[in-house]
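A quick write-up on the structure given underneath.
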Amino acid sequence: MTEQESNHKGGRPKAVKGKARTKTISTRLTLAEWKTVMKRITDAGKKPSHFLRELLLHGKVVAARTQEDRQQIRMLEGGCNNLNQLAKMAHQQGFPRTKERITALLEEFNRIITQI
């Protein structure tokens with residue numbers, strides 16, 4: 001066994017000094033208050049500690065993107081690739097030949113954007 005292997009204890013690396021969160025804040029809530037807070041945490045799509053830390057430090061919480069939002073963003077990215085291809089085609093073949101495709105793609109963009 002080498003010296004390096006014998007010194008390695010395994011496990012998670014130590015946190016950078018000064019970055020570790022060592023202080024806690026606790027509070028008591030009624031059942032109704034707790035349910036309200038937990039609903040807001042669930043709606044935001046975050047873990048309770050992340051939600052409360054963000055709320056305490058910034059006064060507001062930005063909700064995490066939903067799976068549906070991420071899927072629609074991917075669709076927009078794919079549409080942007082298609083738009084670039086159509087722009088290249090318009091330069092090569094002329095705008096009148098690609099006008100219908102570009103118009104259809106812009107309508108698709110508008111549909112996706114209104115959903116987001």
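Everything in the sequence shown is counted per full-length UniProt numbering, starting at 1 for the first residue and increasing by one.
C-beta atoms are modelled at their ideal positions from N, C-alpha and C, and glycine is treated no differently.
Supposed close pair residue 105, residue 82 - CB separation, criterion 8 Å
6 Å
Tell me where the alpha helix (DSSP H) around residue 49 begins and ends.
48-58
Is it right to say residue 98 is buried, meaning 16 or more other beta carbons lie within 10 angstroms of its own, or is it exposed?
buried
Using the Cα positions of residue 26 and residue 16, report the straight-line distance between them to the nearest angstrom.
25 Å
What span of residues does the alpha helix (DSSP H) with residue 29 cover, start to end?
Per DSSP, residue 29 belongs to no alpha helix (DSSP H) and is neither H nor E.
Classify residue 51 as buried or exposed, calling it buried when 16 or more other Cβ atoms lie within 10 Å of its own Cβ.
buried
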